[in-house]
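Asker:
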Amino acid sequence: MIAADELKFVLYLALSLFVLGLLLSCLARASFKEEGLAAKLERALPGAQCAQCGYPGCSAYAQALANGETTCDKCTPGGEDTIKELAAILNIDPPTKADEESLFAPRQVAYIHQSLCTGCHRCARHCPVDAIVGNIKQPHEILSEECIACGDCVKQCPENCIEMISMPLELKNFNWNIKSIRITGGNS
1 MIAADELKFV LYLALSLFVL GLLLSCLARA SFKEEGLAAK LERALPGAQC AQCGYPGCSA
61 YAQALANGET TCDKCTPGGE DTIKELAAIL NIDPPTKADE ESLFAPRQVA YIHQSLCTGC
121 HRCARHCPVD AIVGNIKQPH EILSEECIAC GDCVKQCPEN CIEMISMPLE LKNFNWNIKS
181 IRITGGNS
């Protein structure tokens, strides 16, 4: 049989391990709750690291937002939903651009001039959304439906054969996600 001293030792050990586990659990929850504003904002961003916002990546943009150095409408790949989510985290009203402007604004995409492309594949390696297809030593092509117009491919191209162009306003690339348009004009 187990001696009384050994039983006390095992019980005290089990109790102390239980208390230690509770303590570590509480500390882990406390550190999670004290997550910074910048971390919450970064989690709301799409994570494309495209630098379209003017900052080197989503983390830098989130930090600038947390410091109040910029507005929450700079993330083009995130779109309207990301703007609303960032504004909710910051407890501000989302900045609104006139619906007419966003409706008729031409969409920007990258375009590769096939005759100048040597197929070095640098652009494809740096594209955050894999919108560039092609084999090495063959001219590449950009999938305009996938392109987020970040401009990383333009910066990386040693041949300067990539440029940003505006897509023509056609039915196939029209912004169909509009909610409503405010119609004004005339005398009421």
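Position 17 of the sequence shown, counted from 1, bears residue number 17 in UniProt numbering, the numbering being contiguous throughout. Cβ coordinates follow ideal geometry from the N, Cα and C atoms, glycine included.
For I112, name the three-state secondary structure that DSSP assigns.
Answerer: strand
Asker: For I89, does the three-state DSSP call read helix, strand or coil?
Answerer: helix
Asker: Per DSSP, V133 is paired with what?
Answerer: E141
Asker: With DSSP collapsed to three states, give me the class of E163.
Answerer: strand
Asker: Secondary structure at I83, three-state DSSP: helix, strand or coil?
Answerer: Helix.
Asker: Does DSSP classify A39 as helix, strand or coil?
Answerer: helix
Asker: Return helix, strand or coil for E69, following the three-state DSSP convention.
Answerer: coil
Asker: Would you report the Cα separation of E34 and H126, rounded to the nearest angstrom?
Answerer: Confidence in E34 is poor, its pLDDT being 47 and thus under 50, which makes the residue's placement too unreliable to answer from.
Asker: At what residues does the alpha helix (DSSP H) containing residue 195 begin and finish?
Answerer: The question about residue 195 has no answer, for the chain in this structure spans 1 to 188.
Asker: From R122 to A88, what distance separates their C-alpha atoms?
Answerer: 38 Å
Asker: From S180 to Q49, what distance separates their C-alpha atoms?
Answerer: Unreliable positioning characterises S180 in this predicted model, as indicated by a pLDDT of 49, which lies under 50. A coordinate reading is not provided.
Asker: What does the alpha-carbon distance come out to for the pair G151 and K84?
Answerer: 24 Å
Asker: Give the secondary structure of A62 by DSSP, where H, G and I count as helix, E and B as strand, and everything else as coil.
Answerer: In the structure shown, A62 sits in a helix (DSSP, three-state: H, G or I).
Asker: How far does the alpha helix (DSSP H) with R122 in it extend, from its first residue to its last?
Answerer: 122 to 126
Asker: Please report the distance separating the alpha-carbon of P95 from that of I148.
Answerer: 21 Å
Asker: Round the Cβ separation of S144 and M167 to the nearest angstrom and send it over; I've been treating them as touching at under 8 Å.
Answerer: 7 Å
Asker: Taking just the CA atoms, how far does E146 sit from C117?
Answerer: Cα to Cα, the separation comes out at about 20 Å.
Asker: If you count every other CB in all the chains shown that lies within 10 Å of the CB of E6, and 16 or more means buried, which is it?
Answerer: Flag for E6 reads exposed.
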